[in-house]
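Taking it in order: structure first as structure tokens, then the write-up.
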Amino acid sequence: MLLGPPGAGKGTQAQVIAGRLGVPAISTGDIFRANVSGQTELGKQAKSYMDAGDLVPDEITVAMVKDRLAETDAKGGFLLDGFPRTIAQGEQLRGSLQELGHHLDCVLELVVDEDELVRRLSGRRMLVDGEWVQRDDDKPETVRHRLEVYREQTAPLSGFYASEGLLAQIDAIGSIEEVTARAMAALERPGQSDDS
Numbered sequence: 005m006l007l008g009p010p011g012a013g014k015g016t017q018a019q020v021i022a023g024r025l026g027v028p029a030i031s032t033g034d035i036f037r038a039n040v041s042g043q044t045e046l047g048k049q050a051k052s053y054m055d056a057g058d059l060v061p062d063e064i065t066v067a068m069v070k071d072r073l074a075e076t077d078a079k080g081g082f083l084l085d086g087f088p089r090t091i092a093q094g095e096q097l098r099g100s101l102q103e104l105g106h107h108l109d110c111v112l113e114l115v116v117d118e119d120e121l122v123r124r125l126s127g128r129r130m131l132v133d134g135e136w137v138q139r140d141d142d143k144p145e146t147v148r149h150r151l152e153v154y155r156e157q158t159a160p161l162s163g164f165y166a167s168e169g170l171l172a173q174i175d176a177i178g179s180i181e182e183v184t185a186r187a188m189a190a191l192e193r194p195g196q197s198d199d200s
């Protein structure tokens with residue numbers, strides 16, 4: 005599993021590492037889109053919350069993840085990207101994995117200084133009608149709020165997985181290749197930080 009704040013590079017590293025390991029990279033964003041567009045029962049339930057502007061309850065999110073992990077391509081392993089986001093989801097995920105006969109081997113936490121995260125995210129631009137514009141959620145004040153939410157809700161997972169001996173913290177500053185090399189080395193020695 006990959007853990008880390010917005011802008012740490014989870015999505016990029018998930019694709020690269022999963023490719024190296026020959027396992028699917030599984031993100032909740034992809035799972036939500038697949039369930040909603042496929043109009044699954046869980047997708048319909050999730051959409052009703054999303055349409056109302058509410059957060060999708062953990063039970064629905066965890067059920068979607070469990071369904072995805074039960075698919076054939078995940079039988080030999082998988083890499084979770086950005087899930088769980090809370091300790092409650094982590095506890096529910098543990099139960100779901102046990103039911104499926106799976107377990108987590110390692111949780112990689114991508115560690116990046118907050119100022120660097122703000123610089124990375126607020127520097128992102130997208131092309132709209134031939135013009136480069138900044139996304140609303142990438143403005144510095146919004147980025148700092150997203151990081152605050154991460155610290156409150158998701159960062160406690162670091163201690164949760166460290167207490168289970170699964171956490172490996174890696175420095176996520178550097179080129180994609182450098183960060184990947186640190187991640188692959190950490191996977192060989194779960195439960196240790198890259199400076200240990």
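Here the sequence shown stands for residues 5 to 200, numbered as in the working numbering. We put the CB at the ideal spot given by N, CA and C, even for glycine.
- Message: My output table needs one value for Glu192: the three-state DSSP class, helix, strand or coil.
- Response: If you number the sequence shown from 1, residue 192 lands on position 188. Coil at Glu192, not helix or strand.
- Does the segment 177-190 touch the segment 6-23, meaning 3 or more C-beta pairs lie closer than 8 Å? yes
- Determine the extent of the beta strand (DSSP E) in which Gln173 is found, giving its start and end residues. Locating residue 173 in the sequence shown gives position 169, counting from the first residue. Unbroken beta strand (DSSP E) run through Gln173: 171-175.
- Got a sec: does the ligand SAH put a non-hydrogen atom nearer than 8 Å to the Cβ of Tyr154? You won't find the ligand SAH in this model; it holds no ligand whatsoever.
- Query: Excluding sequence positions up to five away, which residues of its chain have a Cβ less than 6 Å from the Cβ of Gly11?
  - Reply: On the sequence shown, residue 11 is found 7 positions in, with the first residue counted as 1. Excluding positions up to five away in sequence, the list reads Leu121, Arg124, Leu125.
- Can at least three beta-carbon pairs, one atom from the segment 112-121 and one from the segment 174-182, be found at a separation below 8 Å? Enough Cβ pairs lie closer than 8 Å, so yes.
- Decide yes or no for the touch test of the segment 32-52 against the segment 130-149: beta carbon pairs closer than 8 Å, at least 3 of them. no
- Item | Meets three-Cβ-pair contact criterion under 8 Å: the segment 67-85 and the segment 148-157 | no
- Query: How long is the line joining the alpha carbons of Leu59 and Lys51, rounded to whole angstroms?
  - Reply: Position 55 of the sequence shown, counted from the first residue, corresponds to residue 59. Position 47 of the sequence shown, counted from the first residue, corresponds to residue 51. Computed Cα separation, rounded: 10 Å.
- Query: From Lys70 to Ala78, what distance separates their C-alpha atoms?
  - Reply: Position 66 of the sequence shown, counted from the first residue, corresponds to residue 70. Position 74 of the sequence shown, counted from the first residue, corresponds to residue 78. Using only the alpha carbons, I get a separation of about 11 Å.
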